[in-house]
Structure formats: C-alpha cells, structure tokens
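Protein chains in written order, with the numbering used here: chain A, 233 to 462; chain B, 162 to 413; chain C, 83 to 748.
Here a beta-carbon is modelled for each residue, glycine too, at the ideal position from N, C-alpha and C.
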C-alpha cells in the first residue's frame with residue numbers, strides 16, 4: 233500500500249483528518265457567526281445582505297467556501313466511518329455502561345457521532361432553507377445607497393424562517409448539540425494533533441470550553457431574538 | 162453482608178452467554194476476588210460449575226485479573242485492580258453486575274476469562290529495544306534526567322490488563338500501545354528505534370481490530386495504574402513525524 | 083548416587099572466567115538445528131529463552147499464564163542487588179559473595195555464589211540497555227538503597243516495582259525473539275510431565291489449558307524456570323497459581339529435590355484478616371530502612387489495643403519495645419529476614435501481638451516522618467517550623483519513597499499508614515530449596531536444567547533481600563546460555579527428537595490417566611479445601627519453627643490428608659475444556675507429596691540454620707544453633723515412589739574461601 237494512503241487510513245491518520253477538518257470548521261463557525269451577528273443590527277438587514285453578497289462574490293472567499301463544503305462532507309463521512317468501525321470493535325455490548333472520563337465531558341465524548349449527526353441534519357435543513365434558496369434565486373433583490381450593486385435580500389428569508397416556531401426550536405436544539413460537540417471536539421482536536429503539554433493544555437481546555445459555550449449561544453441568540461424580541 | 166451477583170456465564174468463545182444470578186454471604190474485609198472464591202466454593206458444594214475468572218498475584222501488579230464490575234473495568238474504585246478492591250466499598254443487599262472485558266480483540270474464553278494475546282502481538286511488533294544479552298555498556302554510561310526517567314517510568318507501570326480497551330467506548334488500545342511506545346521512545350536507549358517502533362506498533366494495533374481513539378479518556382479514568390492520555394498525544398505526534406518526516410514505513 | 087557439583091578448578095574469583103573461556107561451544111550452524119524447551123517465562127525462564135533465541139537455538143517457551151508478562155517475578159518490589167560500588171561505600175564482588183554466603187547461613191555452594199556476584203554487574207547494564215527505568219539521582223545516574231542483612235547500598239530499584247520492570251524488560255527481549263521466529267511461545271500451556279529418552283530429558287507433556295488437549299513437545303534439552311513452591315503453605319505471598327508441578331514432575335522422573343525444608347518467611351507482610359483469606363501481601367523489606375518495628379512492652383497495653391480501648395499512637399515511647407533495635411543493635415531493623423521473622427514470632431508468642439488474633443507487630447514511620455520533615459524544612463530555609471509543618475513535609479518525603487506501598491496497605495486494610503503504624507506479620511515468601519543442580523545448572527538428569535527459584539543453588543538456608551531478581555536473571559541471561567552448551571555440544575549429531583517415540587506415548591498416557599483419575603473421584607470436598615488444610619499443617623509444624631515431635635505428627639497428617647484427597651475430592655467440569663479446578667487439583671496433588679518431603683527434610687536436619695529453625699537446636703538466648711560438623715551438606719532427595727521412604731543423597735559443601743562463623747547481627 234502506498235505509504236500516504238496507509239498513513240491516512242491508519243487509526244491515527246483518520247483521527248488526524250477529523251482533527252484538522254474539525255479545527256477548520258471551528259474557524260468557519262467564527263466567520264459565519266461574525267456575519268450572522270449583523271442580523272442583530274437594527275438596519276433592516278442592510279449590513280447583513282451586503283455581507284452575504286461579499287461572501288458569495290469574492291473569488292477568494294468562494295474558493296474557501298468550496299473548501300468548507302468539502303471539509304464538512306469529509307468530516308461527516310470520516311466521522312460516520314469511524315463510528316461504524318469503532319462500534320464493530322465491540323459487537324457484544326455491556327449490560328451496564330458508565331463512562332468515567334478525566335478532563336472531558338463524558339456525555340459529549342461518548343456521543344460525538346450522535347451529536348455530529350444532529351448537526352448534519354441541521355445543516356441539511358439550514359442549507360435547504362437559506363443556501364439553496366439563495367443559490368436558486370428564490371429571493372427578491374434590494375438596492376442600498378451604501379453599495380453600488382443590487383443584492384439578494386437574504387434578510388427577508390431569515391426573518392420569515394425565524395418566525396416559524398419549529399425552525400427556531402430545532403435551531404436552538406442543534407446549537408445545544410453543537411455546543412456539546414465542541415465541548416469535546418475542540419480540545420480533542422489538539423490532543424489528536426499531539427498537543428498535550430503541561431503548560432498549554434489547561435489553556436486549550438479553557439479556551440475550548442469558552443468556545444463551545446459562547447459560539448453556539450450567540451448563534452442561538454439570533455433566532456430567539458427574532459422570535460421573542462423583534 | 163449479603164450480595165446479589167449478576168454474573169455473565171458463557172461456555173466458550175463460540176457459544177453465546179447470559180447472566181445468572183447468585184446470592185453470596187460476604188464480609189467487608191474480603192477482597193472482591195475472595196468474595197468470588199466464596200461463591201465458587203458454594204457452587205462446588207452444590208456440585209455446580211464454578212465461575213471462571215482470571216487472577217494470579219492478587220497484589221495488583223500482574224495484570225491477570227479483569228472483569229467489569231457495575232460498568233467499571235476493575236470496579237468502581239479509582240486506580241485499583243479487581244484483586245485490590247475490597248468489599249467494604251459495597252453495601253449490604255447490593256446487586257453487583259459482573260461482566261467480562263468486552264472487545265472483539267479480546268474474545269471470551271469462558272465466563273469472565275478473555276484472550277488478551279492481541280496485546281502480546283502489539284509488543285512483539287516493536288515494544289522492545291533491540292539489544293542482545295551481553296551487548297550492554299555500563300549502566301551509568303548514559304545519564305538520564307531524573308524527571309524524564311520518572312515520566313518514562315509512569316508509562317512503564319502499565320500492567321497490560323486491558324482495562325483501557327474494556328473502558329473505551331471504541332474498544333481502542335491506544336493507551337496500552339502508547340504507554341509502551343512512550344516508555345521506550347522517551348529514553349535515550351529507545352530513541353534509536355523510535356520511528357520504526359511507532360510505525361510498527363500502531364500498525365499492529367490496527368491489524369488486531371481495536372477501535373480508533375476518540376480522546377474520551379475513559380481509559381485513563383479506569384486504568385488501575387492511572388496512566389495518562391498524555392502518552393496518546395505523544396504517540397500521535399511521533400506517528401505523524403515518523404509517517405511524514407522520516408523515510409521509514411511500517412516494516413510489518 | 084554420587085553427587086558431583088562439577089565445580090571447576092582454579093581460584094574462586096577465576097573459576098567462572100576460566101571455565102567460560104574453555105567451555106565446549108556449539109557452532110552457529112548446529113545451533114539452528116538444536117531445539118531447547120524452556121518451561122516458565124518469569125525472570126529466569128524469559129531471560130533464558132530470549133538469550134538462547136539470540137544465540138540461534140530453536141526455542142520453545144511454555145507458560146500456563148495467558149501471557150509471559152504475568153509470571154510472579156513481577157510482584158517483587160524492593161530491588162535487585164549488584165556489586166557495582168556506584169556509591170563508593172566499599173562494595174565489591176567479594177563482599178556481595180560473602181554477604182550472600184553468610185546470609186545463607188553457610189549452606190550454599192561457594193563457586194555458584196561467587197559467579198552470581200560476578201555477573202550481578204552485567205545484569206544492571208543489560209537491564210538499563212533494555213530500557214528498564216531504574217531510579218535515578220538528580221545527576222541522571224543510577225540510585226541505590228540499602229537492604230536487610232548488609233551494610234552497603236547496592237540495591238538498584240524501580241520505585242516499589244522493580245520485579246515488574248525487570249520482568250517486562252525480559253518479556254520484551256523474549257517478544258523480540260518471538261517476532262524474529264527464534265522462539266515459539268506457548269501461552270496457556272501447563273507442563274505435566276518430563277519425557278526421558280535413554281536417560282536424557284528429551285521433551286515434555288503439556289496440557290493446553292483452553293482446549294484441554296494433551297500435547298507432546300520434543301527437544302534436545304529441557305530447562306525448567308518454574309519458580310518456587312511457597313504455595314504449599316496455601317497462604318503465602320506467592321501468586322495464586324504459583325506451583326511446584328513442573329519441578330515435582332521432574333522429581334517423580336528421578337530428578338533430586340534439594341533442601342526442600344529451606345523456606346523463607348518474610349517479616350513484613352500484611353497480617354491474616356480471616357478464614358476466607360486467599361493470599362498474603364508483602365510489604366517491601368525496603369520499608370525497614372525507615373520503619374521501626376515495635377510491640378507494646380506492657381501486657382495491659384496490648385490488651386487495651388486488642389480491645390480497641392487504646393490506639394498505638396497513645397502508647398508512650400518508653401512503653402514501647404523496639405525489640406529488633408534492642409536485641410540486634412548493630413543491624414537494628416535491618417537484620418536479615420529469618421532473624422526479623424523469628425523475633426516477631428517470639429514477641430507474639432510472648433503475648434505482645436497487637437491485633438485481635440495476637441499475630442501482628444507494628445511497623446512505625448512516625449520518627450522517619452519527623453526526621454525527614456525536619457531536614458526538608460531545613461533545606462527549604464524554614465525558621466522554627468511547627469510540628470504540623472514538619473509532619474506535612476515529612477509525609478511528603480515518605481510518600482515519594484514508599485507511596486505505592488502505603489497506598490496498597492491502605493487499600494487492603496482500610497487504614498492510613500501515615501497516621502497510624504502499619505501492622506505486619508511474617509509470611510511465607512520464597513523457597514531456597516529446589517531441584518538439585520550442578521555448577522552448570524543441570525539436574526542429575528542429563529539435559530534437564532533448572533534456573534531461578536526452581537533450583538536450590540545460590541541462597542543456602544536463607545535468601546537476602548533483593549537477591550531473587552539477581553539470581554533469576556543471572557541464571558537466565560548470563561549462566562545457563564553458556565553452560566547448556568556443555569550438554570548440547572555433545573548433541574550436535576542427535577537428529578530432531580521424534581515425539582512419536584514410545585517414551586512420549588507412555589508419558590502422555592500417564593498424564594491422561596492421572597487427570598482422568600482426578601475427575602473420576604467425584605467426591606464431596608473442593609480442591610481448595612484440601613489445599614487450605616495442607617497449608618495449615620505446613621504452617622503449624624513446618625513453618626517458622628519446627629520440632630521433631632511436631633514434624634513427626636505432621637507427616638502422618640499429610641499422608642492421611644493425601645489419602646482423603648484421592649477418595650473425596652470433587653473436580654467439576656470436563657477434561658476437554660478450560661477448567662481451572664482441574665488445574666488446581668493436579669497442583670494440589672503435587673503439593674500434598676512435596677509437603678511430606680519438606681517434613682522429612684526438616685526432620686533430617688538436626689540443626690537450626692537460616693529459614694530452618696528447629697526448636698531443639700537453639701542457644702540459651704533463643705538464637706539459631708547451626709551444626710557445621712554434621713550438616714554442612716546439601717540434602718538432595720530422591721523420591722519417585724511415594725509408597726516408599728525418600729532416599730537422601732548428600733553433597734558435601736566445601737568452604738575454601740570463607741570461614742564458617744556463627745551469624746551474628748548483634
């Protein structure tokens with residue numbers, strides 16, 4: 233077998249892919265959130281719509297976005313393969329299961345695949361609701377003084393979706409799922425990369441906890457704001 | 162104290178198993194295995210077949226005893242093997258569920274006895290330093306920093322019991338494998354073969370069919386010698402370096 | 083039978099070097115054709131199998147464990163001796179030799195012991211090269227500590243897990259040979275007979291413990307590294323499965339069992355807590371470096387402690403009897419094991435035992451904690467630290483030194499040894515006796531070798547602490563791989579041994595019949611219950627002190643017990659399956675014979691020496707009284723037919739280099 237294939241298909245290689253794609257997706261979450269937070273501005277969606285235009289028309293960002301799609305798919309497929317293989321390593325199950333862990337959330341650590349699947353389902357709905365509608369031109373156009381071109385009014389779509397109760401509830405549930413996924417995933421990614429250091433690991437763990445709580449909370453804040461405040 | 166035991170009984174590797182329930186009169190100073198001895202004496206007195214379980218030194222060092230007690234490999238006490246677990250940590254009237262270590266790489270031989278020879282094969286793939294008898298230089302020829310020696314020692318305290326595999330939701334053997342690789346690769350004597358060792362041992366671990374590590378850390382939490390998952394991180398980075406930076410590939 | 087120790091000529095310190103240089107060799111091309119069986123994978127067995135594999139022999143190694151890493155060598159705690167003199171405290175090969183001879187009460191062979199002391203240095207080098215993580219000083223060099231019975235620091239250690247680390251080192255070397263195809267490993271195989279062809283050992287019969295299959299394995303020579311027989315006492319510090327079967331089966335085929343009555347009772351074990359007890363746990367002898375042994379001097383205090391009205395910490399300093407320091411001021415708490423054990427027995431016999439059964443003494447760290455605390459406070463520059471601060475610092479130092487032992491004690495007893503003294507009592511730990519071997523480690527059966535605790539060779543009547551690991555590894559790494567060449571060089575023309583020979587067939591048949599016999603008794607009592615009863619007899623009459631009257635009585639009791647075993651034991655399960663009860667039955671049956679031989683040996687030896695203390699032979703102060711005039715010999719017993727009396731063969735011991743003195747630690 234080719235050494236590189238062998239490396240990537242080894243148990244550690246597979247985890248490396250999970251780790252690197254996962255960390256990239258963490259970065260993506262930050263960028264995505266930065267855009268979403270503009271929904272909280274009281275400007276009738278101007279900033280958000282212009283931002284959305286920039287994100288879909290800048291060639292560099294476009295290229296990165298294809299990378300993001302690829303990494304999401306890779307992270308999901310690899311995760312599913314690992315989950316199936318790991319399950320196969322123990323075909324006879326325990327009658328009593330308790331998971332004691334050291335320094336990670338045991339529920340999250342155990343249920344990464346389940347949480348990941350939840351996020352995947354959410355992504356499907358999310359993409360259908362916003363991304364697909366935008367791509368297929370099912371949105372109206374709007375012109376702002378501050379920007380020379382006419383842009384798609386994605387804000388309108390957001391407002392409409394966040395008025396639907398089940399979408400908001402599901403959105404919030406998915407963000408709780410994401411929070412748990414990150415709670416284990418963030419620091420786990422560093423451990424997989426081989427970064428476990430007496431001096432730095434406590435910092436990574438604290439950062440991971442903060443990240444896992446703050447980012448999904450801010451994401452979830454937006455639909456809640458639209459439903460209950462606005 | 163009176164205890165209800167739910168014990169996994171399985172005739173052999175090929176047959177399925179099921180739980181049987183027994184009642185046993187124990188005393189709080191007994192070790193868990195002595196409590197099982199009492200159960201077995203009781204079964205023998207009834208001309209029934211005793212429960213097979215493995216044990217040897219009963220001092221917590223040989224790594225022979227195994228079994229999962231109420232969901233914990235080696236029972237609920239931290240840093241303790243089954244043989245060092247005492248009944249004073251259980252309550253009168255309690256029901257205790259006893260199962261074998263479950264992993265496809267540890268097939269059941271009988272009742273609570275499993276075959277852990279996959280661990281031997283991992284060691285055989287590279288868990289040694291290639292030095293023949295008589296080739297050694299003076300013991301003090303290479304000074305080794307005290308803290309480094311101590312950290313290598315921490316990894317070397319592994320007793321090869323398999324609790325890490327039993328505890329891991331993925332039945333991964335990363336803690337066992339990484340403890341041995343760390344012990345040897347950290348010391349100057351073992352550094353010579355470090356790259357080849359990590360490649361070969363990780364490869365063998367995968368061949369044996371253990372699951373992949375997902376950093377759950379249940380292994381460290383249940384390890385009777387409390388071996389750190391830091392060893393896993395070390396092996397991860399050594400594996401990357403050996404795979405990508407060195408010109409070596411697994412020779413097995 | 084004339085016993086020839088085959089000790090080579092020449093001066094004591096040149097014998098081994100000269101012999102090694104002139105020994106017959108087997109050429110590499112012949113080694114490839116020659117097969118060697120090694121039974122046992124402890125320190126001696128694993129190191130022998132690995133080294134023979136490295137040399138190019140075809141090795142088959144057998145263990146009844148699921149992995150060679152489980153052997154009971156793993157449980158040795160304290161350390162391994164070597165005459166390195168790294169501490170510059172006057173140690174030398176001669177001093178280690180002398181200490182071992184003296185510690186063994188002048189009942190071992192000079193030449194063997196000197197060779198042991200010589201190769202002790204190579205063992206440390208070898209182990210370090212294998213990656214054994216010995217304790218080190220800040221400068222990165224190897225650390226040493228002192229041990230009972232000696233006045234130099236020559237013990238190398240790896241926390242309280244020296245045996246584990248050395249065994250794993252040997253196991254790794256063995257694993258390397260297995261991966262290279264030089265050694266074939268047979269896990270979960272128990273040896274049940276030795277096969278002799280034309281008077282030479284040519285193979286073994288084993289039982290596959292998973293399938294129950296009886297198998298034949300042939301080879302040019304057989305090496306037994308199967309450990310000691312301490313479990314004849316039922317309660318001992320040995321592992322539950324340690325047994326005498328391999329050595330005893332060899333005895334039944336004509337090998338001689340030497341000095342079987344020399345058993346070591348270790349002074350620092352956790353006392354028995356009840357009838358259900360399955361084994362005893364050792365607390366490393368290294369604890370006596372810092373622990374002080376005492377009992378209350380006043381009987382009323384003893385009673386108050388037993389009834390729980392007083393705690394040991396309530397007893398005033400002047401009301402404590404630090405009996406080792408009082409009786410043996412020169413060595414104090416560091417007297418050899420046999421002396422310390424007997425002193426504990428005396429204290430308890432006089433009614434000073436401190437637990438409910440009256441069979442325990444204290445091992446107290448309070449003064450060590452304060453001493454270390456003070457020096458730690460001083461080095462930290464603390465001005466007039468409080469007692470509480472000193473205590474805290476001192477506990478930390480003690481924890482760093484003995485943490486894992488203290489933890490183990492706390493786990494077993496549920497008491498905190500930092501706050502209250504440990505309770506300890508002697509327990510059976512090691513057997514100096516074993517198969518008789520000559521200088522080549524070859525038994526009287528040509529081609530049958532014994533290494534490690536399985537042979538009798540180096541410890542005389544008492545083994546010094548940290549010497550068992552030394553001997554096991556010396557035999558396996560540095561002695562047997564050379565000396566076996568003396569036999570194998572004569573076998574280079576012998577073709578592969580055929581396991582279809584009638585001798586193999588007969589041996590296999592005998593093994594099968596014997597196992598079937600156990601299954602067919604279908605009695606009422608468990609194997610365990612017989613073992614327990616045998617142990618009680620042995621401990622009572624052939625334990626720490628022995629008398630002619632008691633021994634005579636015990637011999638009859640064992641014969642009766644054996645007869646009862648063969649008529650009323652119940653072995654559940656089947657022959658052809660994983661059956662631990664059947665394994666145990668075969669082992670206990672052998673113990674039931676060995677026990678009698680130990681008693682016969684103890685009766686024959688009308689003196690007190692080392693671990694063998696005969697009540698009739700003691701000085702007015704109660705110390706052991708050796709009889710060098712009549713008993714400076716090795717008792718090698720022939721006993722192939724238990725219906726007859728064992729036959730004694732004597733190997734006279736000659737001491738050309740040391741003067742036989744009364745051992746005094748006063």
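DSSP state of residue i mapped onto helix, strand, coil
| i | result |
| --- | --- |
| residue 242 of chain B | coil |
| residue 563 of chain C | helix |
| residue 235 of chain C | coil |
| residue 509 of chain C | strand |
| residue 368 of chain B | helix |
| residue 537 of chain C | strand |
| residue 516 of chain C | strand |
| residue 552 of chain C | helix |
| residue 165 of chain B | strand |
| residue 257 of chain C | helix |
| residue 285 of chain C | strand |
| residue 261 of chain B | coil |
| residue 412 of chain A | helix |
| residue 330 of chain B | coil |
| residue 296 of chain B | coil |
| residue 312 of chain C | helix |
| residue 237 of chain B | coil |
Beta-carbon separation (whole angstroms), residue i vs residue j, contact threshold 8 angstroms
| i | j | result |
| --- | --- | --- |
| residue 532 of chain C | residue 516 of chain C | 7 angstroms |
| residue 327 of chain C | residue 502 of chain C | No, residue 327 of chain C and residue 502 of chain C are not in contact; Cβ-Cβ is about 41 angstroms, not under 8 angstroms. |
| residue 162 of chain C | residue 523 of chain C | With a Cβ gap of about 19 angstroms, residue 162 of chain C and residue 523 of chain C do not count as contacting. |
| residue 296 of chain C | residue 286 of chain C | No, residue 296 of chain C and residue 286 of chain C are not in contact; Cβ-Cβ is about 11 angstroms, not under 8 angstroms. |
| residue 284 of chain A | residue 384 of chain A | 7 angstroms |
| residue 318 of chain A | residue 324 of chain B | Actually they are not in contact, since the Cβ atoms of residue 318 of chain A and residue 324 of chain B sit about 18 angstroms apart, beyond 8 angstroms. |
| residue 359 of chain B | residue 242 of chain A | Wrong, their Cβ atoms sit about 11 angstroms apart, outside the cutoff. |
| residue 321 of chain A | residue 264 of chain B | 6 angstroms |
| residue 281 of chain A | residue 387 of chain A | 5 angstroms |
Same chain only: Cβ atoms within 6 angstroms of residue i, ignoring 5 sequence neighbours per side
| i | result |
| --- | --- |
| residue 368 of chain A | none |
Nonlocal neighbours in the same chain, by C-beta distance under 7 angstroms from residue i, ignoring five residues either side
| i | result |
| --- | --- |
| residue 370 of chain C | 230, 350, 415 and 416 |
| residue 573 of chain C | 116 and 302 |
| residue 556 of chain C | 198, 201, 202 and 205 |
| residue 679 of chain C | 339, 342, 719, 721 and 728 |
| residue 235 of chain C | 169, 171, 226, 227 and 228 |
Nonlocal neighbours in the same chain, by C-beta distance under 8 angstroms from residue i, ignoring five residues either side
| i | result |
| --- | --- |
| residue 315 of chain B | 388 and 389 |
| residue 498 of chain C | 492 |
Please give the ranges of any beta strand (DSSP E) in the region 337-405 of chain C, keeping only runs that are unbroken, at least 3 residues long and fully inside the region.
345-351 and 374-378
Evaluate the contact criterion for the region 229-243 of chain B versus the region 285-299 of chain A: three or more CB pairs, one atom per stretch, below 8 angstroms.
no
Three CB pairs or more closer than 8 angstroms across the region 682-694 of chain C and the region 618-633 of chain C:
By the Cβ criterion, the region 682-694 of chain C is in contact with the region 618-633 of chain C, since at least three pairs of Cβ atoms, one from each stretch, lie closer than 8 angstroms.
Check whether the region 269-286 of chain A touches the region 387-406 of chain A, taking contact to mean three or more Cβ pairs, one atom from each stretch, closer than 8 angstroms.
yes
Across the region 248-259 of chain C and the region 269-282 of chain C, are there enough close Cβ pairs to call them in contact, namely three or more that are closer than 8 angstroms?
no
What are the uninterrupted segments assigned as alpha helix (DSSP H) that are 4 or more residues long and contained completely in the region 276-309 of chain A, given in chain order?
278-289
Do the region 240-256 of chain B and the region 164-173 of chain B make contact, defined as three or more Cβ pairs closer than 8 angstroms?
yes
Taking contact to mean 3 or more Cβ pairs, one atom from each stretch, closer than 8 angstroms, check whether the region 362-380 of chain B and the region 326-338 of chain B are in contact.
yes
For the 8 angstroms Cβ check, are there 3 or more pairs between the region 118-137 of chain C and the region 571-591 of chain C?
no
What alpha helix (DSSP H) runs, 4 residues minimum, are completely inside the region 423-503 of chain C?
448-461 and 469-495
At least three beta-carbon pairs within less than 8 angstroms, the region 656-669 of chain C to the region 688-695 of chain C:
no
Ignoring anything shorter than 4 residues or poking outside the region 318-397 of chain A, list the alpha helix (DSSP H) runs there in chain order.
With a minimum length of 4 residues, the continuous alpha helix (DSSP H) runs that stay inside the region 318-397 of chain A are 338-342, 344-358, 364-367 and 386-393.
Just checking, does the region 217-231 of chain B make contact with the region 308-326 of chain C on the three C-beta pairs under 8 angstroms criterion?
yes
At least three beta-carbon pairs within less than 8 angstroms, the region 231-251 of chain C to the region 593-600 of chain C:
no
Segment contact, 8 angstroms Cβ cut-off, at least three pairs: the region 402-410 of chain C with the region 361-377 of chain C
yes
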